[in-house]
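Notes for the one structure printed next.
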Amino acid sequence: MCGIIGYIGQRQAAPILLEGLRRLEYRGYDSAGMAVLSAQSLQWRKKKGKIDDGLAQVLQKLPLVGSLGIGHTRWATHGAPTDENSHPHFNSSGTIALVHNGVIENYDRLKQRLTQEGHEFISQTDTEVLAHLVGEHYLKLDSIPNQEAQRLTQAVMNALREVIGTYGIAVVSSNHPGIMVGARRGSPLVVGIGVGENFLSSDTNALVTHTRQVVYLNDYDVVTLTPERFEVVSLGEDTARVQINQIEFSAEAAEKGAFPHFMVKEIFEQGKTVQNAMRGRIDYDEVTSKFGGLNLTNSQLRSVDKVVITACGTSWHAALVGEYLIEELAHLPVEVEYASEFRYRNSPIDKNTLVLAITQSGETADTLAGLREAKRRGHIVLAICNVVGSTIARESDGGIYLHAGPEIGVASTKAFTSQITVLALLALLLGRIRMLSSQRGLHLIQALEKIPAQIESILMQSEKIRQIALKYAAAEDFFFLGRQYNFPVALEGALKLKEISYIHAEGYPAAEMKHGPIALIDEKTPTVIIIPQDALYEKTMGNLQEIKARGGSLIAIVTEGDTRTRDLVDDVIEVPSTLEPLFPLLGVIPLQLLAYHIAVQRGCDVDKPRNLAKSVTVE
Ligand code: AGP
């Protein structure tokens, strides 16, 4: 899951590429580099480490001049994050430069063949093999007359026909100063349409300051760009489908603004983004919800007799909340599957099963593969997704956008609460075409409409939560506990903490602790327990007492006014009261802030945690 960008036009390429790479850095930040065509030759700079610590400093000392170039920010797959393994990579003669997002699965065999033919490699990457392969095909075309204009594009296409795996690439050549070539299969690639200039990028965040007109390329598309035009052909049988789209969000939405980190900006946006997820989707007359893009009639939805939800990471936690919501409100059996497992498991799914794919980025390779597997079996697949025009959004049979705006922080926050909001509305719709009464439907709607203001009130406690965080920032292990709707929230709280502070954290159903994990409780192991005043309050109180009796420190997320729990634990965070099915929307906010403040206290890079990237487009 790297970020790639390309520019061809009249302006200097290097500053445009550098700004674009900074906007793509959340996709991977092990190293970064760029190549610019300068005085008929390809000049390059590349450096291990984050952009500001590496490439930007190199460019300051050794700037690049030219108006055609490509750039790359890397999340290492093949080969450690080193200068040599940084992109761009080149063919043998250095006349072709290439940047790549994805995995060439048969690179080893290709490398052996090329090595036998005399090719020498500098790096351990699969990408360098692809660059040499393009170079080899380029030379073979030398003998074919009238190929000159299309020669680079044709060489790229011929090389890709030998490739097994995934790619989003940008290619330039010193022999063709007037063109740039892009191609994709399994990794996203977007054309940005300018005036007298054109762009390639992994996603729209790097384009929004230059243009709002974009074309989302499809798998097997190969695009040839000049400053004035672009042409798309397909490596597959179909002809390329080119559709010009508008970027919906503003440039400011993809910037930190006054916040120190994207993550905390996105945490604080949740009152607004939950509102956005509901906007225009509540039908007050029918006391139900409505979605523009489901592409399914109520009678088709009524014939659904089971739901399978597939996702990864935080989206998988949202799926678990969705399981409780749909089962309770619509009485439909729900199965939640890790996408990476679902795609290989031969789970018997009958024809009336509705498959839901939940994904913020719309590019997660495992979730995309799960969607394709379900479609291969003839199932209708809906996507709950945040990124408009993303691969999963386009390949699903219909779906629901989150409208949460770009989520740049690697740790997902606002997407999670928007996903739950959408799932609550979907459960309402599925319930109201079955047995859910309008009375219960109305209660849910009324409670949902209070959530944005309730979230704002919790956010006001950020400083208090920061003070609590200071007490526990040195802990080495954490437990997060919750029951029913709050079990997935416990999992999510554990994931937030571990992925940005690197503290080992585990989430469990509260009652599960006594089946083993409680053996780990001691005075050094804090436990966060989610204990709203709901039907299981007394049961959860029992779990709280079991931990307290063993000397474990306790942080409790409670319903406002619960003084009983407050008097029993070390620290308490109060949240407003709401219906049990909606409590995750409130209970998760303190956990996001706790993780954030602990990570900041530990000096971690909150927006770009080690070893991670925002969009996992490799399997
Ligand atoms: C969550 O904070 C992580 N960034 C990660 O688990 C993420 O949720 C997962 O990779 C799924 O991403 P998606 O929602 O874009 O598919």
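Note that the numbering used here has the sequence shown beginning at 235, numbered continuously upward.
Each residue gets a CB set at the ideal place from its N, CA and C atoms; glycine is no exception.
When the alpha-carbon of Gly633 is set against those of Glu557, Ala599 and Ala511, the nearest one is in Ala511. The three-state secondary structure of Lys540, taken from DSSP, is strand. Scanning Ile501, Gln835, Arg418 and Leu828 for the CA closest to the CA of Ile238 turns up Arg418.
Under the DSSP assignment, Leu394 falls in the alpha helix (DSSP H) whose first and last residues are Arg385 to Leu394. One alpha carbon belongs to Val621, the other to Asp756, and they sit about 43 angstroms apart. Distance from the Cα of Gly785 is smallest, within the candidate group Asp839, Asp317, Lys758 and Asn777, for Lys758. Taking the C-beta atoms as reference points, Leu348 is found no nearer than 8 angstroms to Val333. Here Ile285 carries a coil assignment [DSSP, helix/strand/coil]. Leu554 is not a Cβ neighbour of Leu590, given a cutoff of 8 angstroms. Bridge pairing for Val476: absent [DSSP]. Residue range Ser265 to Ser272 is occupied by the beta strand (DSSP E) that includes Ala266, with no alpha helix (DSSP H) assigned at that position. In this structure, Ser595 has its CB closer than 7 angstroms to one or more heavy atoms of the ligand AGP.
For the beta strand (DSSP E) assignment, the uninterrupted runs of no fewer than 3 residues enclosed by the segment 573-617 are, from N- to C-terminal side, 587-593. Counting only runs that start and end inside the segment 385-472, the beta strand (DSSP E) elements of at least 3 residues fall at 401-407, 414-419, 424-427, 432-435, 447-450, 455-459 and 464-468.
Three or more Cβ pairs closer than 8 angstroms define a contact, and the segment 579-595 falls short of that threshold against the segment 493-511. Under a 10 Å Cβ-count criterion, Pro567 is classified as exposed, with fewer than 16 other Cβ atoms of the shown protein chains found around its own Cβ. Residue pairing by DSSP puts Ser523 in a beta bridge opposite Ile516. The shortest C-alpha to C-alpha distance from Ile765 to any of Ser735, Tyr736, Gly750 and Val723 is the one to Val723. Per the coordinates, the alpha-carbon of Leu731 lies some 38 angstroms from the alpha-carbon of Leu535. When C-beta atoms of the segment 405-425 are compared with those of the segment 446-460, three or more pairs fall below 8 angstroms, so the two segments count as touching. Within the segment 617-675, complete beta strand (DSSP E) segments of at least 3 residues are found at 632-635, given in chain order. In terms of Cα proximity to Ala474, the closest of His495, Tyr450 and Cys546 is Tyr450.
Put simply, of Ile403, Ser408 and Val476 the residue whose alpha carbon is nearest the alpha carbon of Ile427 is Val476. In the displayed model, Asp376 falls within a helix according to three-state DSSP. Segment contact: the segment 307-319 against the segment 357-373, three or more CB-CB distances shorter than 8 angstroms; contact assigned. Within the same chain, and ignoring the five residues on either side of Val397 in sequence, the residues whose Cβ sits closer than 6 angstroms to its Cβ are Ile338. With a cut-off of 8 angstroms on Cβ pairs, the segment 605-612 is in contact with the segment 574-588, counting three or more such pairs. For Leu636, the Cβ stays outside the 7 angstroms cut-off from all heavy atoms of the ligand AGP.
Of the heavy atoms belonging to the ligand AGP, at least one sits nearer than 7 angstroms to the Cβ of Ala649.
Collapsing the DSSP output to three states places Gly716 in a strand.
When Phe496, Glu853, Leu373 and His323 are compared, the shortest CA-CA separation from Glu259 is found for Phe496.
Taking 7 angstroms as the cut-off, the C-beta of Val850 counts as close to a heavy atom of the ligand AGP. DSSP, read as helix, strand or coil, puts Pro322 in coil. Within the same chain, Cβ atoms closer than 7 angstroms to the Cβ of Ala744 are found at Leu715, Gly716, Arg717, Ile763, Thr774 and Asn777, the five residues on either side in sequence being excluded. In terms of Cα proximity to Ile679, the closest of Phe713, Ala661 and Glu690 is Ala661. Nearest C-alpha to Val292 among Lys281, Ser301, Val299 and Gly300: Lys281.
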